[in-house]
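Report on the structure given below.
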Amino acid sequence: MGRENHGQYQLPGAAPSHVILGINEDGHKEVLSITIGENESAKFWLAVLNELKNRGVRDVFVLCADGLTGVKEAIAAAFPMTEYQRCIVHVVRNTLKYVADKDKKAFVNDLKTIYHAPDEQSGHARMEAVAKAWNQKYPGCMNRWAENWDVISPMFKFSETARKVLYTTNAIESLNSGYRRLNRSRSVFPNDMSLLKALYLATYELTKKWTMPVRNWGAVYAELAIMYPGRLSGT
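All residue numbers for the sequence shown refer to the numbering used here, where the first residue is 1394 and numbers rise by one.
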């Protein structure tokens, strides 16, 4: 498995649903898991990841997710060779949460210079420069970038083409939009099983159109084969 992507989806009046989407060696997206649960912790995520292992997932190269409580520790226990990549879209959103509207465009443009940097050293230098530029107006606004650099930086070893596949949860966001569209008429679910059934039926409908590999998969596959030698089944 080349990459996994986690996202959280919640219908009105229902418990949170945690969706894991994977990209297999052929470049095709697959919904691997839908789990309903309130308790986000290392124990919770370890159970989720162990279920994937028990169902046959042998390897994960990169797992991209938001800053979920305990997920980093769970990945290390369940898939010790897997790299955890923080979703850049969520990191940017969290950074801009308390930024005034009039400053957001300029701030976003500065943040782009970090994750569009050609390598990790340049990206780190840009992060420090952005922090210096904005900390007086928004104290501590870039602290999370520095604190989480170890899980932000894995993307820098990939090309721009591969980064677009690996460093965001956009595919999950699109899937969640589909869930909302197909379940907009349902405001109440009597129990977790009824919610799970609704999501599985929606998944079946939404994934019918997933007939093609992700864009530029050939180039991405070539990079994965070099970055993770011997771990693809054809290598």
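Cβ atoms here follow ideal geometry from the backbone N, Cα and C, with glycine treated the same way.
Proximal residues to residue i (C-beta, below 7 Å), its chain only, five neighbours per side dropped
{"i": "D1512", "result": "F1549"}
{"i": "A1470", "result": "L1439"}
{"i": "L1589", "result": "I1427, I1429"}
{"i": "D1419", "result": "P1606"}
Beta-carbon proximity list for residue i, same chain, < 8 Å, skipping 5 on both sides
{"i": "Q1514", "result": "none"}
Cut-off 6 Å between Cβ atoms - residues of its own chain near residue i, not counting five sequence neighbours on either side
{"i": "E1466", "result": "A1435"}
{"i": "G1611", "result": "none"}
{"i": "T1604", "result": "none"}
{"i": "T1475", "result": "V1453, L1456, I1468"}
Buried or exposed (CB count within 10 angstroms, at least 16 for buried), residue i
{"i": "Y1614", "result": "buried"}
{"i": "T1561", "result": "buried"}
{"i": "K1422", "result": "buried"}
{"i": "S1576", "result": "The sequence given here places Asn at residue 1576; Ser does not occur at that position. Counting Cβ neighbours within 10 Å, N1576 comes out buried, since at least 16 surround it."}
{"i": "Y1491", "result": "exposed"}
{"i": "P1547", "result": "buried"}
{"i": "Y1477", "result": "buried"}
Cβ-Cβ distance between residue i and residue j below 8 Å
{"i": "N1437", "j": "G1463", "result": "A small correction: the amino acid at residue 1437 is Phe; Asn does not occupy that position in the sequence shown. Yes, these two residues count as a Cβ contact at 8 Å."}
{"i": "V1441", "j": "H1411", "result": "yes"}
{"i": "K1497", "j": "L1489", "result": "yes"}
{"i": "G1571", "j": "A1595", "result": "yes"}
{"i": "G1527", "j": "M1535", "result": "As written in the sequence, residue 1527 is Trp, which differs from the Gly given in the question. Cβ atoms of W1527 and M1535: closer than 8 Å."}
As assigned by DSSP and simplified to three states, the class of residue i
{"i": "H1411", "result": "strand"}
{"i": "S1426", "result": "strand"}
{"i": "Q1514", "result": "helix"}
Closer than 7 Å: residue i CB and nearest the ligand GTP heavy atom
{"i": "Y1491", "result": "In the structure shown, the ligand GTP is absent, as is every other ligand, since no ligand is present at all."}
Could I get the ranges of all uninterrupted alpha helix (DSSP H) runs contained in the region 1429-1512, with 4 residues as the minimum, in chain order?
1435-1447, 1464-1471, 1481-1489, 1494-1508
Fully enclosed by the region 1562-1590, which alpha helix (DSSP H) runs are 4 residues long or longer?
1563-1575
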